[in-house]
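A quick write-up on the structure given underneath.
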Amino acid sequence: RVVKDRSTYNRGRLLLVEYEGIINYVSLSEASIDGRNSSLQSVPTAINMFYADQRQNKRLCYYFIPHIGNAFTDYHLFVYRLLMTAGVDFLNIGSYYQQSVLPYRNVDDLIIDRRENQTSNSSNNSSYVSKTSDKIQIYAKTFGASKYESTLLAVAISHIADRPIDLFNICEQDLTRLPQASMNTIESLGNISMHYTSLFLDKREYLQQTDRTELRSASYLYNLFNRLGSKKCALCGCEIPEIIQGAHIWGVAQISRTSELDDETKFGHAVSGHNGLWLCQNHHKLFDANIILLDNDGYVKIKDSLVTDDVAFIRNTTFKPSLDVRVMSDEFRGYLARRNETVDLIHSHRLAV
């Protein structure tokens, strides 16, 4: 028995095929391939229906119909690998694409592919995946077609995760979270904790702090991802996500003590993607302690009072004497100038590497 589901816009190309006691959810490709997220947004809907179905004998499938356009761009191949990782069977990909397409075996490979895909499509960055020492983190955009990609990322990563997953719903406009069907699917996976964050919620957290000197904001990290891309230390090039952190330039403690700004403006500075860098744990601590400094032109400086061995250590672990030009936005320069109002740059010298 074959049933074509037409109940919603997204489900218009979903077939339910009952054969030999198995329910096959078959998602059909687009007849015209003309977008990134939009051309595949029906698939997560099929996944949600699949997980909502309590029957045991069921299967998720994808089937290519004759189509116009390129269904095998780098982005589409990335999504197909996600689908395979999520347990989707491709019924006829070999008829349209001759090279091998395989599921991801670990989250590290997925992050690398995601990073490369976002680098080549920087105008359309959406959701981000990263890791800490004990968690996998998904920063999920919930607006427009991005919400479908966010659902797919969560399901795929849950199949290969080696540690618990935190999913941060980055709320935008009037859509405050992922669709309920997606949330139900994610909750059923068992290894994902969902967190709902927005500028409003982060602002409330900031305002309710007793000393307002610290802000662990998913929105801030998302803004850093959006401006700088995937985690990579600005001073040594380390790309191990577990040890890369978001480092404020104009610190939250400095911001909170500024008397000329109202609380809303302070919060805007605290979460700005221009007010920060990706730094490894080592360089972050050195920077916070003002052992290494950044002058207003983005050059690395070190304190004159450091002993020779410490200077040698910093030289041996710092491979970039200045920040990349793309980091030095006007807004970033402004934050750097505010930081340096309280820093002793006179008794320091530029790092020679």
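Mapping the sequence shown onto this note's numbering, position 17 (from 1) lands on 23, and the numbers just tick up by one. A virtual CB, placed ideally from N, CA and C, is assigned to each residue, including glycine.
Query                                                                                                                                                                               : Result
What residue range does the beta strand (DSSP E) around glutamate 24 cover?                                                                                                         : 20-25
Where does valine 359 fall in DSSP's three states?                                                                                                                                  : coil
For tyrosine 154, which of helix, strand or coil comes out of DSSP?                                                                                                                 : helix
Are asparagine 30 and arginine 87 touching if we call contact CB-CB under 7 Å?                                                                                                      : no
Please tell me whether alanine 253 and glycine 235 are closer than 7 Å, where the distance is taken between their beta carbons.                                                     : no
How is the beta strand (DSSP E) around aspartate 360 delimited, first residue to last?                                                                                              : Any property of residue 360 remains undetermined from this structure, which presents the chain solely from 7 to 359.
What did DSSP end up calling asparagine 232 once you bin it into helix, strand or coil?                                                                                             : helix
What do you get for asparagine 54, buried or exposed, if any count of 16 or more other CB atoms within 10 angstroms of its CB means buried?                                         : buried
Look up valine 349 in the DSSP assignment and say whether it is helix, strand or coil.                                                                                              : coil
Using only CA atoms, which one of Gln260, Ala162, Asp172 and Leu46 lies nearest to leucine 108?                                                                                     : Ala162
Output the residue ranges of the beta strand (DSSP E) runs that lie fully inside the stretch 234-303 and measure 3 residues or longer, sorted by chain position.                    : 250-254, 282-286 and 298-300
Have a look at alanine 92 and asparagine 197 and give me their C-alpha separation to the nearest angstrom.                                                                          : 14 Å
My output table needs one value for arginine 218: the three-state DSSP class, helix, strand or coil.                                                                                : Only weak support exists for where arginine 218 lies, its pLDDT of 45 falling under 50; the coordinates are left without a value.
Taking serine 354 as the reference, give the member of Arg339, Leu300, Met334 and Ala343 with the closest Cα.                                                                       : Leu300
Can you look up aspartate 95 in the DSSP assignment and give me helix, strand or coil?                                                                                              : strand
Which one or two residues does DSSP pair with tyrosine 57 in a beta bridge?                                                                                                         : Note: tyrosine 57 sits in no beta bridge, so no partner.
For glutamate 36, count neighbouring Cβ atoms within 10 angstroms of its own Cβ and tell me buried if that reaches 16, exposed if not.                                              : buried
According to the Cβ coordinates, are phenylalanine 78 and tyrosine 103 closer than 7 Å?                                                                                             : yes
Does the distance from the C-beta atom of lysine 326 to that of leucine 241 stay below 7 Å?                                                                                         : yes
Nearest to tyrosine 305 by CA position, among Arg356, Ile320, Phe319 and Gly279, is which residue?                                                                                  : Arg356
Just the C-alpha distance for serine 48 and tyrosine 134, rounded to the nearest angstrom, thanks.                                                                                  : 21 Å
Tell me the rounded alpha-carbon separation between lysine 141 and aspartate 336.                                                                                                   : 34 Å
In terms of DSSP beta bridges, what is asparagine 175 paired with?                                                                                                                  : Ala146 and Tyr202
Mind checking alanine 295: buried by the 16 CB within 10 Å criterion, or exposed?                                                                                                   : exposed
Count the other C-beta atoms from every protein chain shown that fall within 10 angstroms of the C-beta of alanine 318, then say buried if there are 16 or more, exposed otherwise. : exposed
Could you please give the first and the last residue of the uninterrupted alpha helix (DSSP H) stretch that includes isoleucine 192?                                                : 186-195
What residue range does the alpha helix (DSSP H) around arginine 321 cover?                                                                                                         : 314-323
Between leucine 221 and leucine 158, what straight-line distance do the alpha-carbon atoms span, to the nearest angstrom?                                                           : Bear in mind that the predicted position of leucine 221 carries a pLDDT of just 48, short of 50, making it unreliable; the figure below should be weighed with that in mind. Near 29 Å, if we compare the C-alpha coordinates of leucine 158 and leucine 221.
Does DSSP put isoleucine 74 in a helix, in a strand, or in coil?                                                                                                                    : strand
What is the DSSP secondary structure of asparagine 123, reduced to helix, strand or coil?                                                                                           : helix
When you compare each of Ala358, Asp172 and Phe293 to arginine 321 by their alpha carbons, which one comes out closest?                                                             : Ala358
For arginine 339, which three-state DSSP category applies?                                                                                                                          : helix
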